[in-house]
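Going line by line, the protein sequences match chains Z and B.
Take the first sequence: its letter number 162 is residue 162 in this note's numbering, and every next letter is one higher.
Take the second sequence: its letter number 313 is residue 313 in this note's numbering, and every next letter is one higher.
Accompanying notes for the structure given below.
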Amino acid sequence: MKLVTLSAVALAGSMMIMGASTASAETERHINPWQHCGIGAGIFDENGTAAAISNVIWDSGTTAVTSATMSPETCSSKEVEVARFVDETYEQLAMETAMGEGEHLTAALGLMNCGNTASQEVVSKLRADLQRESATASYAEQGHADKAFQYYNSLNQAAADCAAS
Amino acid sequence: MRRLQVTLLALLCLQSGVVMASDTALAEHPRWLSLLHFDRDGFFSKPRSAVVDDDFFLAVNGRYDPRAELSATLAALRQPPEEGELHARCRFPARALWLGQVTGEQWPQAKCPEWHEWQLENKDVEVGLIFASGYLGNPASFFGHLMLHLEKDDADQGAVLTQLLDTSMNFGADVPAEDGLAVYMAKGLFGGYEAEYSRAPFYRNTALYSEREMRDLWHYRLALPAEERKLLVAHLYEVAGKDFDYLFLNQNCASRIARTLELVVDENLTPGNAPWVTPEALVRAISEAEVQGKPLLSGVEHVPSRRLRTEWRYKALSASEQDAAMDVWPEARTLELEVDSFRRLASSRQAAVLDTLLSHAAFLKQTDEEPGLAERERQLLQARLQLPAGSELPESGAQVPLHEATPSALVRLEGVYNDELGGGSRLTLRPLQYDLLDSNATRMPNAALEIGRTEVDVGHDGLHLTKFELFQVTNLHARSVPLPILPSVAWQASTGIERSQLDCSSCLDGYATLLGGKSHRFGRHLPFAMIGGKLRSEHHQAGPAAPMARFGVLSDWSTGQRSLLQVTHVDGLKGNESRRTQWLLRHRVALSNRLDFRAGLEGDDKADEVSAGLSWYF
Numbered sequence: 001m002k003l004v005t006l007s008a009v010a011l012a013g014s015m016m017i018m019g020a021s022t023a024s025a026e027t028e029r030h031i032n033p034w035q036h037c038g039i040g041a042g043i044f045d046e047n048g049t050a051a052a053i054s055n056v057i058w059d060s061g062t063t064a065v066t067s068a069t070m071s072p073e074t075c076s077s078k079e080v081e082v083a084r085f086v087d088e089t090y091e092q093l094a095m096e097t098a099m100g101e102g103e104h105l106t107a108a109l110g111l112m113n114c115g116n117t118a119s120q121e122v123v124s125k126l127r128a129d130l131q132r133e134s135a136t137a138s139y140a141e142q143g144h145a146d147k148a149f150q151y152y153n154s155l156n157q158a159a160a161d162c163a164a165s
Numbered sequence: 001m002r003r004l005q006v007t008l009l010a011l012l013c014l015q016s017g018v019v020m021a022s023d024t025a026l027a028e029h030p031r032w033l034s035l036l037h038f039d040r041d042g043f044f045s046k047p048r049s050a051v052v053d054d055d056f057f058l059a060v061n062g063r064y065d066p067r068a069e070l071s072a073t074l075a076a077l078r079q080p081p082e083e084g085e086l087h088a089r090c091r092f093p094a095r096a097l098w099l100g101q102v103t104g105e106q107w108p109q110a111k112c113p114e115w116h117e118w119q120l121e122n123k124d125v126e127v128g129l130i131f132a133s134g135y136l137g138n139p140a141s142f143f144g145h146l147m148l149h150l151e152k153d154d155a156d157q158g159a160v161l162t163q164l165l166d167t168s169m170n171f172g173a174d175v176p177a178e179d180g181l182a183v184y185m186a187k188g189l190f191g192g193y194e195a196e197y198s199r200a201p202f203y204r205n206t207a208l209y210s211e212r213e214m215r216d217l218w219h220y221r222l223a224l225p226a227e228e229r230k231l232l233v234a235h236l237y238e239v240a241g242k243d244f245d246y247l248f249l250n251q252n253c254a255s256r257i258a259r260t261l262e263l264v265v266d267e268n269l270t271p272g273n274a275p276w277v278t279p280e281a282l283v284r285a286i287s288e289a290e291v292q293g294k295p296l297l298s299g300v301e302h303v304p305s306r307r308l309r310t311e312w313r314y315k316a317l318s319a320s321e322q323d324a325a326m327d328v329w330p331e332a333r334t335l336e337l338e339v340d341s342f343r344r345l346a347s348s349r350q351a352a353v354l355d356t357l358l359s360h361a362a363f364l365k366q367t368d369e370e371p372g373l374a375e376r377e378r379q380l381l382q383a384r385l386q387l388p389a390g391s392e393l394p395e396s397g398a399q400v401p402l403h404e405a406t407p408s409a410l411v412r413l414e415g416v417y418n419d420e421l422g423g424g425s426r427l428t429l430r431p432l433q434y435d436l437l438d439s440n441a442t443r444m445p446n447a448a449l450e451i452g453r454t455e456v457d458v459g460h461d462g463l464h465l466t467k468f469e470l471f472q473v474t475n476l477h478a479r480s481v482p483l484p485i486l487p488s489v490a491w492q493a494s495t496g497i498e499r500s501q502l503d504c505s506s507c508l509d510g511y512a513t514l515l516g517g518k519s520h521r522f523g524r525h526l527p528f529a530m531i532g533g534k535l536r537s538e539h540h541q542a543g544p545a546a547p548m549a550r551f552g553v554l555s556d557w558s559t560g561q562r563s564l565l566q567v568t569h570v571d572g573l574k575g576n577e578s579r580r581t582q583w584l585l586r587h588r589v590a591l592s593n594r595l596d597f598r599a600g601l602e603g604d605d606k607a608d609e610v611s612a613g614l615s616w617y618f
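Structure (structure tokens):
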């Protein structure tokens, strides 16, 4: 949990550094798509309360925006599109990340605007993160939304340079 | 041709100023009727649009009167935009586009934010179809499923995109979760559901069809001219989310997509009043259709299911690597990553073995809930992450696209000799779809789905119906690779009327059977054993309910030759007279895509029969 929190804080920090100046862009950079845009809502429904399954998401420190400031436009941002893709294809993304290539991984990198050269480095970082996250048996017990959220954070950090370019 | 004639007439009328006549001609124009989906004209109801949403019509009686809808549409398009109201050209951009072309009129400018966003999202998209192969887990999916596919042009995306990020337009019924199977079937067959085009990213459909239901997908790309594509994409905006009539058999995904494509394809892609329309019928029609003198179909791409991906990976391994895979994962609950046979492989080959096992774990996760599978998958992930990146999916043999596979309807003429009844001939008709001998990987391997199979014998004493099978569904659930799998049930269900014994020609009884059991592949042979029961009428046999056992072997001798050996025992629990043991051996030789030769031996306690003949598929 500590690692996740640290990575989330790092993510928030990196987003702020590379952020644009407009208010709406700033808002989008603080979105927690799982919390604010209903991603993974089906999983929440199946498991009772969201808080019960998802300490990682709710404690991540990237939840600065209150729901009152959210709008449909915000939740249709590119960032949320990436989050939705990660949430719905996490199983394939994790597998292809371990393999080092695959169509879902290519799509995720494409969404992050990573070209071929940058992709190799991003994939290396993603593999290192996944290796760390899945190192202990507790990974197998984690909920889908938590795993997807961690991968989303990892992807945002690993591909930060792609997005900035 | 009719479309051209009507267009010319409309234009002539417009030129001559005969406004009323031009409106009439336009109102009857096939393209206008396509825009309204005005294609419902049953025996007991007046012609109408298939759209049931009032919101789709501007005239009060627009659903039933295309001319009134045309007048209302033209009037609305000519109106200047009003504050707080969405202009007609924003709501109906395809109508505006086409009517502007044929009348030459310019419509007032209007702000259309949603339509503008749709245009941006679908700028320069190519239109295609996605066919999802048949799925025996849901009666509505037995014959496969079709979706429209909007393929992004990745030239200006700045990065390599995959088709996963394309858009699907899925025409499906809105089925309340509380409807059970009986209600579902009744409403599906006789009415009660509505359907709509829903929009979703393609990856959502690959997750459902390829990963969860293990169905192969086929992407049929259409070569539509740019102007036609523009009109079709605009029309999809108009109909997205609108409620349509829905019936399983002839108001389904295939028929609605056919009607939608007919907006830009000047052909009847499927018959308007057919009792049923299958996805296969539309795919075949598209493979033969033309647009502006050129083939409509520009290419076909296969998207393999998770099961097939695993099979390809396994078959690409060498024999020693396959052994290593089996040693690492010998049974569902055991994973041994330290076995010698695996550890002595080069790291790149270890990676290939682990890629296969990871793919297999993804398959297992969808077939059942196995305790501990998540932990075994984690261990595989960890092991794979310690090895170098890189994993190309190997391809295994050419896959036959649906439109090139053997057609599903057949007529067969056989010579028959029965040692009690003598010689004669037999005519078999089967409208749909495939049996164990002519099934294939494109539809559903090791399965049968026959609807309405009818057999008529012609002998010295005249013509006799010997069998009418309303349906027969079989799924032998054969494993495609020898890796550990979770328990799965082979099953068979059928109902119809048939001869109660082979020594009579007029001893028909009704029956309904349900069997469940196991199968296991040994090389080219697939033996199976099932037990269950049979409900039957008692005109010619004893016992209305009879326990039943069936054993058999399905053997693949080569690409075009397959045989089935099967023994069935039924016991009515009323002594010897209620028992019947029947055996059969049938062999099929494919002579071409549309022709086969079949020979059979069959026997029961009363008589034996031999048959041979030719089948024509159409």
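The beta-carbon is built from N, C-alpha and C at its ideal position, and this holds for glycine as well.
DSSP three-state call for residue i: helix, strand or coil?
{"i": "V82 (chain Z)", "result": "helix"}
{"i": "M147 (chain B)", "result": "strand"}
{"i": "W98 (chain B)", "result": "helix"}
{"i": "L595 (chain B)", "result": "strand"}
{"i": "E288 (chain B)", "result": "helix"}
{"i": "G188 (chain B)", "result": "helix"}
{"i": "S298 (chain B)", "result": "strand"}
{"i": "A635 (chain B)", "result": "Nothing about residue 635 (chain B) can be read from this structure; chain B reaches only from 1 to 618."}
{"i": "G639 (chain B)", "result": "The structure shown does not extend to residue 639 (chain B), since chain B spans only 1 to 618, so no value can be given for it."}
{"i": "F44 (chain Z)", "result": "Caution applies to F44 (chain Z), whose pLDDT of 40 falls short of 50 and renders its modelled position unreliable; the value that the coordinates give is listed next. Reduced to three states, the DSSP call for F44 (chain Z) is helix."}
{"i": "H219 (chain B)", "result": "strand"}
{"i": "V328 (chain B)", "result": "helix"}
{"i": "G128 (chain B)", "result": "strand"}
With a threshold of 7 Å between beta carbons, is residue i in contact with chain Z?
{"i": "R259 (chain B)", "result": "no"}
{"i": "E375 (chain B)", "result": "yes"}
{"i": "A207 (chain B)", "result": "yes"}
{"i": "T162 (chain B)", "result": "yes"}
{"i": "D438 (chain B)", "result": "no"}
{"i": "D174 (chain B)", "result": "no"}
{"i": "Y314 (chain B)", "result": "no"}
Is residue i close to chain B? Criterion is C-beta to C-beta, closer than 7 Å.
{"i": "R127 (chain Z)", "result": "yes"}
{"i": "E133 (chain Z)", "result": "no"}
{"i": "Y90 (chain Z)", "result": "no"}
{"i": "E101 (chain Z)", "result": "yes"}
{"i": "A108 (chain Z)", "result": "no"}
{"i": "A160 (chain Z)", "result": "no"}
{"i": "Y152 (chain Z)", "result": "no"}
{"i": "A118 (chain Z)", "result": "no"}
{"i": "A140 (chain Z)", "result": "yes"}
{"i": "A145 (chain Z)", "result": "no"}
Please classify residue i: is it buried, with 16 or more other beta-carbons within 10 angstroms of its beta-carbon, or exposed?
{"i": "T22 (chain Z)", "result": "Below a pLDDT of 50, predicted positions are generally treated as unreliable, and T22 (chain Z), at 40, falls in that range; the measurement from the model is reported next regardless. Result: exposed."}
{"i": "G102 (chain Z)", "result": "buried"}
{"i": "P201 (chain B)", "result": "buried"}
{"i": "N446 (chain B)", "result": "buried"}
{"i": "P33 (chain Z)", "result": "buried"}
{"i": "N593 (chain B)", "result": "exposed"}
{"i": "T442 (chain B)", "result": "buried"}
{"i": "N116 (chain Z)", "result": "exposed"}
{"i": "G62 (chain B)", "result": "buried"}
{"i": "T559 (chain B)", "result": "exposed"}
Among all the DSSP beta bridges, which residues are the ones paired with residue i?
{"i": "R562 (chain B)", "result": "B:D556, B:R588"}
{"i": "A346 (chain B)", "result": "A346 (chain B) pairs with nothing; no bridge assigned."}
{"i": "M530 (chain B)", "result": "B:G517, B:R550"}
{"i": "D245 (chain B)", "result": "B:E194"}
{"i": "F56 (chain B)", "result": "According to DSSP, which records beta bridges pairwise, F56 (chain B) is partnered with nothing at all."}
{"i": "P201 (chain B)", "result": "B:T167"}
For residue i, decide whether its Cβ has a neighbour in chain D, counting only Cβ atoms nearer than 7 Å.
{"i": "A148 (chain Z)", "result": "Structure shown: chain D not included; protein chains present are Z and B."}
Short-range partners of chain Z found in the segment 210 to 239 of chain B, where Cβ spacing is below 8 Å: E211
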